[in-house]
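There are 2 protein chains.
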Amino acid sequence: MRLSRYFMPILKENPKEAEIVSHRLMLRAGMIRQQSQGIYSWLPLGKRVLDKVNGIIREEQNRAGAIELSMPTIQSAELWQESGRYEDYGKEMLRIKDRQDRPMLYGPTNEEMITDIFRSSVKSYKSLPLNLYHIQLKFRDEIRPRFGTMRSREFMMKDAYSFDLTQADAIHSYNKMFAAYLRTFARLGLRAIPMRADTGPIGGNHSHEFIILAETGESEVFSHKSFVDFDIPSADTDFDDVAGLQAIFDKWTSVYAATSEMHDEAAFDAIPEADRLSARGIEVGHIFYFGTKYSEPMGAKVQGPDGKEHLVHMGSYGIGPTRLVPAIIEASHDENGIIWPDSVAPFDCVIINMKAGDAACDAACDRLYAALTKAGKDVLYDDTDDRAGTKFATADLIGVPMQVIAGPRSVASGEIEIKDRKTGARETMTIEAAINKLVG
Amino acid sequence: MRLSRYFMPILKENPKEAEIVSHRLMLRAGMIRQQSQGIYSWLPLGKRVLDKVNGIIREEQNRAGAIELSMPTIQSAELWQESGRYEDYGKEMLRIKDRQDRPMLYGPTNEEMITDIFRSSVKSYKSLPLNLYHIQLKFRDEIRPRFGTMRSREFMMKDAYSFDLTQADAIHSYNKMFAAYLRTFARLGLRAIPMRADTGPIGGNHSHEFIILAETGESEVFSHKSFVDFDIPSADTDFDDVAGLQAIFDKWTSVYAATSEMHDEAAFDAIPEADRLSARGIEVGHIFYFGTKYSEPMGAKVQGPDGKEHLVHMGSYGIGPTRLVPAIIEASHDENGIIWPDSVAPFDCVIINMKAGDAACDAACDRLYAALTKAGKDVLYDDTDDRAGTKFATADLIGVPMQVIAGPRSVASGEIEIKDRKTGARETMTIEAAINKLVG
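Residue numbers (numbering that gives the first Met the number 0), protein chains in the order written: chain A, 0 to 439; chain B, 0 to 439.
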């Protein structure tokens with residue numbers, strides 16, 4: 000992508016409304032724009048990161064056997080009256096009347112709708128286990144949306160819903176998502192700690208939040224420090240291995256970790272003081288097992304092997320992609336800007352033409368751009384006539400992992416410079432060597 | 000994907016509510032499910048097709064130089080008051096009050112919002128031309144939603160918006176989208192005819208609808224028959240070539256074609272009778288040039304090379320992916336079900352194990368499934384214990400291009416059968432030969 004043809008409206012000033020670093024950097028880098036209170040557009044640079052985050056979430060959901068569909072955003076109030084949540088949900092639910100004066104709502108979550116889909120089409124235990132997910136917009140009319148897309152009103156959520164014949168099967172489904180979430184966050188460059196959590200308006204009796212540590216986090220968390228040493232489940236994890244997944248769950252829940260709502264001071268004090276971690280964190284995922292809470296009022300039953308009808312046991316599993324993007328930035332930035340993990344970087348590298356219009360610089364950059372693009376790399380080529388200093392600042396701000404710098408002096412001797420955004424390490428090499436290194 | 004682990008709720012009976020073949024087949028194949036009037040879930044099989052359609056749309060938008068972002072669904076009423084459309088839009092607009100009692104709406108289109116994004120960040124003609132698009136849900140509260148996702152209330156739209164300094168530049172931007180649309184529909188297996196069209200609530204002075212012919216179409220169309228022979232722009236079309244794109248536009252608009260709203264009977268009658276086409280069609284895309292209709296009331300200006308401020312000339316360009324899926328089915332089906340073009344088929348092939356549980360059949364199918372999956376093919380493996388007749392009917396219904404049939408008799412002699420869904424041609428060959436043929 001040539002920057003001269005791209006749309007990346009960089010802000011030079013620090014936006015006043017941004018209280019936390021991720022919000023500030025996302026606005027400055029032209030990733031997002033507020034359209035109304037708590038409602039954002041994702042501009043092209045932000046959209047690229049969001050797509051990569053969703054891609055990783057999707058791969059790990061599929062690996063764990065979940066199946067993607069897409070439910071609509073506008074729901075009928077009737078469904079929520081069936082479950083009893085229509086009155087409970089309060090003012091966070093965006094309630095709407097359509098032209099026929101029918102009560103509708105913008106879905107804040109989809110337990111009711113997926114249960115309706117399930118009961119209308121699944122009749123036998125032979126179709127179980129089943130886990131259906133979608134990545135869809137949600138709306139929660141927060142009284143105080145803040146921190147950019149960290150707590151917005153219109154936001155994206157990956158929500159998965161599992162259906163099983165028995166509680167034991169449902170726990171296995173829960174463990175699949177538990178392991179999938181560990182893998183997902185690790186691939187996003189985050190170390191997430193699963194913590195026993197309150198079930199809130201979803202309800203249920205077994206729930207974990209996945210929290211990443213950050214000073215700006217809204218949750219207060221208490222845990223043992225040993226989490227940093229735990230192994231992430233590998234890519235060839237067998238998700239059908241009941242005992243294997245239970246062992247992963249047991250390991251990761253073997254030491255103390257809880258949010259303030261579930262905090263047990265006595266248990267925490269029993270940890271040796273040097274191993275105690277008391278910090279702030281950002282919730283990036285939340286999983287629930289809630290048994291028959293929805294299947295009972297909504298009549299979601301299957302015929303079991305005994306020929307009788309059984310209410311299905313359900314769970315739901317959420318990740319917020321539009322919150323994960325700022326969470327990654329909170330975890331990975333410096334005073335000059337964002338430092339993207341390779342897995343979610345909007346571009347793999349940026350070519351900085353220090354003197355656009357200079358024939359030798361243009362030729363070197365064109366050659367790099369063509370070769371790297373051909374090799375399947377996502378390349379941003381800064382071919383604008385901005386000053387070199389501006390270009391360096393922009394490249395640092397947007398946090399692309401590798402910078403390829405072509406200036407008249409080095410190009411004259413057939414060389415360019417490579418800079419690693421994370422370490423700041425610079426290396427001068429021939430264009431050929433740079434291509435080989437970056438295509439790697 | 001093993002069918003025993005998939006979610007594809009096939010209906011055996013013809014659903015009573017479906018008036019047209021695409022709606023009937025989408026419900027029967029378990030592609031969609033109605034959640035409320037005119038509001039649908041896309042079940043896994045449908046989601047796969049929708050994703051492939053969106054993938055092609057996205058590739059062709061990018062090829063033409065458009066840049067993807069994502070605007071939210073919920074918009075502030077203020078923006079629409081600025082343009083003057085808030086009152087004009089009538090009851091099709093889903094109007095909402097949030098918890099602070101602010102007037103909001105579910106976007107039926109995004110001219111206002113994109114103009115707002117543009118005016119807040121683009122100041123100079125040097126940033127032009129610019130074409131920004133997103134693929135996002137829209138809501139239009141139709142008084143009579145019908146025909147499944149062909150005319151639904153919540154639907155998906157790819158909407159692109161171009162910004163140019165002059166009318167001449169804007170016409171070039173229009174021609175880029177014109178050529179991109181021809182390529183897009185051709186890749187979807189459709190022959191779309193561009194027709195002069197009324198501009199409706201978008202406004203403007205230059206507009207074409209892209210119509211595919213189908214008996215169940217809602218539009219009455221009149222055209223010359225020669226469109227079938229026109230060349231589709233090639234993949235290496237140079238979208239910066241102003242004259243080249245104008246020539247494509249001129250060729251495709253050189254003969255008579257108009258919807259009933261714009262029909263000129265005298266011009267139509269001047270066509271030799273044998274070349275006249277009077278038929279019904281489905282609108283699958285609509286492009287508009289509307290000059291300064293939005294930039295003027297909303298103050299979207301750039302500084303020109305003359306140092307003065309100029310209102311930008313705009314256009315907008317829509318395609319409805321959730322309508323395209325049924326449109327493709329209307330154009331491609333037989334009495335047994337859907338016949339997907341390869342480019343949008345939910346799976347490349349389906350393996351039919353005629354006797355699941357039979358060791359030889361299972362081994363043959365497992366080998367095929369592993370080899371084809373490894374080669375990057377999307378494979379559905381019918382490993383259920385349904386009767387062979389049911390499996391054949393399902394495979395025909397869901398319209399996957401190639402069927403690989405493994406029965407005990409042929410497998411005993413090391414062979415399987417391949418059936419081409421479209422032609423019905425069957426061929427018996429060794430497993431090895433089948434793999435080679437399908438991996439191709």
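Even glycine gets a Cβ: it sits at the ideal position worked out from N, Cα and C.
Only a predicted model underlies this, so the values are computations on that prediction, with no experimental measurement involved.
Residue i burial status per 10 Å Cβ neighbour count (16 or more: buried)
i: residue 166 of chain A; result: exposed
i: residue 422 of chain A; result: exposed
i: residue 224 of chain A; result: exposed
i: residue 236 of chain A; result: buried
i: residue 67 of chain B; result: buried
i: residue 427 of chain A; result: exposed
i: residue 216 of chain A; result: buried
i: residue 263 of chain A; result: exposed
i: residue 307 of chain B; result: exposed
i: residue 402 of chain A; result: buried
i: residue 208 of chain B; result: buried
i: residue 389 of chain A; result: exposed
i: residue 393 of chain B; result: buried
i: residue 239 of chain A; result: exposed
i: residue 325 of chain A; result: buried
Beta-carbon contacts of residue i that lie in its chain and below 6 Å, excluding the five residues immediately before and after
i: residue 434 of chain A; result: 370
i: residue 248 of chain A; result: 174, 177
i: residue 47 of chain A; result: 345
Cutoff 8 Å; reference residue i; Cβ partners in own chain excluding five residues on either side
i: residue 94 of chain A; result: 76, 102, 103, 104
i: residue 291 of chain B; result: 310, 311, 312, 313
Local conformation of residue i per DSSP, three classes
i: residue 443 of chain A; result: Outside the shown range of chain A, which is 0 to 439, sits residue 443 of chain A, and nothing can be said about it.
i: residue 251 of chain B; result: helix
i: residue 36 of chain A; result: coil
i: residue 427 of chain B; result: strand
i: residue 41 of chain A; result: strand
i: residue 49 of chain B; result: helix
i: residue 264 of chain B; result: helix
i: residue 433 of chain B; result: helix
i: residue 422 of chain B; result: coil
i: residue 329 of chain A; result: helix
i: residue 344 of chain A; result: coil
i: residue 104 of chain B; result: strand
i: residue 336 of chain A; result: strand
Close beta carbons around residue i, own chain, < 7 Å, minus the five adjacent residues each side
i: residue 377 of chain B; result: 346, 347
i: residue 444 of chain A; result: Absent from the model: residue 444 of chain A. The displayed extent of chain A is 0 to 439, so no value can be given.
i: residue 250 of chain B; result: 229
i: residue 91 of chain A; result: 107, 139, 140, 141
i: residue 278 of chain B; result: 212, 220
i: residue 245 of chain A; result: 174
i: residue 338 of chain A; result: 331, 332, 398, 420, 421
Would the stretch 139-146 of chain A count as touching the stretch 13-31 of chain A if we require 3 or more Cβ pairs under 8 Å? Flag = yes, the stretch 139-146 of chain A and the stretch 13-31 of chain A touch.
Between the stretch 172-182 of chain A and the stretch 51-70 of chain A, are three or more C-beta pairs nearer than 8 Å? The stretch 172-182 of chain A is in contact with the stretch 51-70 of chain A.
The stretch 341-356 of chain A contacting the stretch 367-383 of chain A, beta-carbon criterion three pairs below 8 Å: Verdict: yes, contact present.
Beta strand (DSSP E) runs contained entirely in the stretch 107-145 of chain B, provided each spans 3 or more residues: Within the stretch 107-145 of chain B, the complete beta strand (DSSP E) runs of at least 3 residues are 129-138.
Any beta strand (DSSP E) of 3 or more consecutive residues that is wholly inside the stretch 153-238 of chain A: Complete beta strand (DSSP E) runs here, min 3: 153-163, 192-195, 205-212, 218-223.
Quick test of the definition: if touching needs 3 or more C-beta pairs under 8 Å, does the stretch 4-12 of chain B touch the stretch 44-51 of chain A? The stretch 4-12 of chain B is not in contact with the stretch 44-51 of chain A.
Tell me, please, whether the stretch 187-202 of chain A touches the stretch 250-266 of chain A by the rule of three or more beta-carbon pairs shorter than 8 Å. Segments in contact, yes.
Check whether the stretch 275-285 of chain B and the stretch 313-322 of chain B touch, using three or more Cβ-Cβ pairs below 8 Å as the test. Yes: the two stretches touch, three or more of their Cβ pairs being nearer than 8 Å.
Would the stretch 106-122 of chain A count as touching the stretch 154-166 of chain B if we require 3 or more Cβ pairs under 8 Å? The stretch 106-122 of chain A vs the stretch 154-166 of chain B: no contact.
Flag this pair as touching only if the stretch 23-35 of chain A and the stretch 410-428 of chain A have three or more C-beta atom pairs under 8 Å; answer yes or no. With a cut-off of 8 Å on Cβ pairs, the stretch 23-35 of chain A is not in contact with the stretch 410-428 of chain A, counting fewer than three such pairs.
Jot down the residue ranges of each uninterrupted beta strand (DSSP E) in the stretch 271-318 of chain B, minimum 3 residues, whole runs only, in chain order. If we require 3 residues or more, the beta strand (DSSP E) runs fully inside the stretch 271-318 of chain B come out as 275-290, 300-302, 308-310, 312-318.
For the stretch 349-408 of chain A, list the beta strand (DSSP E) runs that are entirely contained and at least 3 residues long, ordered along the chain. For the stretch 349-408 of chain A, whole beta strand (DSSP E) runs of length 3 or above, ordered along the chain, are 378-381, 401-405.
Determine contact between the stretch 211-224 of chain B and the stretch 263-277 of chain B, defined as no fewer than three beta-carbon pairs at a distance below 8 Å. At 8 Å Cβ cutoff, the stretches touch.
At what residue ranges does the stretch 54-102 of chain B contain a whole run of the beta strand (DSSP E), taking only runs of 3 or more? You should have 73-75, 93-96.
The stretch 325-343 of chain B in contact with the stretch 397-405 of chain B per 3-pair CB rule at 8 Å: Cβ pair count under 8 Å is three or more, so yes.
Between the stretch 115-127 of chain A and the stretch 285-304 of chain A, do three or more beta carbon pairs fall short of 8 Å? Contact between the stretch 115-127 of chain A and the stretch 285-304 of chain A is present, because at least three Cβ pairs lie under 8 Å.
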